Amino acid sequence: MRFSLGIRKNRFLAATLLGASVLTSAGVVSALPAAAGASSTPGSESGAESVLLKGSTKASYFWDDSSGRAGDTGLPASGKPMQKGMIASPSWPLLTEGYVVYKGKKAKFFVGDRGPGVPSSSGVMIDLDAKTFADLTGGTFNSDTLGVDGNGGMGHIKVDYVITKWGNGVGKKNYPVPFSAGAWGRMDNNPATPPQVVNK
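In case it helps, mature numbering (1 follows the signal peptide of the UniProt record, and there is no 0) puts the sequence shown at residues -31 to -1, 1 to 169.
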């Protein structure tokens, strides 16, 4: 079968596709026009973030700057440097994205490290970065101790979490389980069924 368009149409189509390719490879996907009738997020007509999993858990905090001052053993497992917005998870795939909510305050995150270790066996399933923990609890990050000051001594808080994107590597794509379960080292090809959105 032979398929042909006029040369002017091909030139316009090629320019459009080249522009889309350049924007996509540069990470500027939001600048691309959406296809007619398509939404930017599965299951959403408004372009809101998709919700793949949500729940609640206890969260602690860490700041792993590779100095050894806070007991860390090197760079975070993802290879990315410690930064605000990085969390540690005992079971979710690295580079999973989402957000937590604490007393009405929302903070975006990505999974950049593994942990908490032993505390995850007691239900502490998220290690927030210390700067985000300070923001959420009204404290301040102490760059000397790598801890949080001025929040009344809080070291654990109960947070609601939402997963908006799963990482591609090994790890459990479902409710978190303790580090000792070893789910962080196994590929999960059966992610949690996203919660149903009820339109009122």
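Beta carbons: idealized from backbone N, C-alpha and C, even for Gly. All values reported here derive from a predicted model rather than from experimental measurement.
Proximity winner among the options, relative to residue i (alpha-carbon distances)
i    : options              : result
D113 : D82, G37, G81        : G37
S149 : E18, S47, P59, V20   : P59
W135 : G48, V80, A57, D33   : V80
S125 : N137, P85, P147      : In the sequence as presented, Ser is not what sits at residue 125; that position holds His. It is P85.
S47  : L63, A39, W32        : L63
K77  : W32, P45, K49, E18   : E18
Y68  : G138, K23, G154      : K23
L105 : P45, S90, V70, G138  : V70
A161 : P147, K49, D34, N143 : N143
W32  : N111, G122, G73      : N111
E66  : K74, G73, K72, A57   : A57
Chain-order list of residues whose beta-carbon lies under 8 Å from that of residue i (same chain, five-residue window excluded)
i    : result
T26  : G92, V93, M94, I95, K127, V128, Y130, P145
N137 : P62, L64
Close Cβ partners of residue i (< 6 Å) along its chain, the five nearest in sequence each way excluded
i    : result
L21  : I132, P163
G107 : N120
Own chain residues within Cβ distance below 7 Å of residue i, not counting five before or after
i           : result
K141        : S60, W61, A152, D157
P88         : S29
S90         : P147, S149
residue 249 : The structure shown has nothing for residue 249, since the chain only spans -31 to 169.
P45         : D33, M51, M55, G81, D82
K75         : Y68
Cβ neighbour criterion (16 or more within 10 Å) applied to residue i
i    : result
G43  : exposed
N159 : exposed
R83  : buried
P118 : According to the sequence as given, residue 118 is Asp; it is not Pro. Exposed.
G116 : buried
A39  : exposed
8 Å Cβ cutoff, residue i in contact with chain E
i   : result
G92 : The structure shown has no chain E; it contains just one protein chain.
(Q) I'd like the ranges of any beta strand (DSSP E) spanning at least 3 consecutive residues and lying wholly in the region 110 to 151. (A) Residue ranges of uninterrupted beta strand (DSSP E) with 3 or more members, entirely inside the region 110 to 151 and ordered along the chain, are 116 to 118, 126 to 134.
Q: Could you say if the region 53 to 69 and the region 90 to 110 meet the contact criterion of at least three C-beta pairs nearer than 8 Å?
A: Yes, they touch.
Q: Quick one: which unbroken beta strand (DSSP E) runs of 3-plus residues sit fully inside the region 65 to 117? Chain order, please.
A: Within the region 65 to 117, complete beta strand (DSSP E) segments of at least 3 residues are found at 66 to 71, 74 to 83, 93 to 98, 109 to 111, given in chain order.
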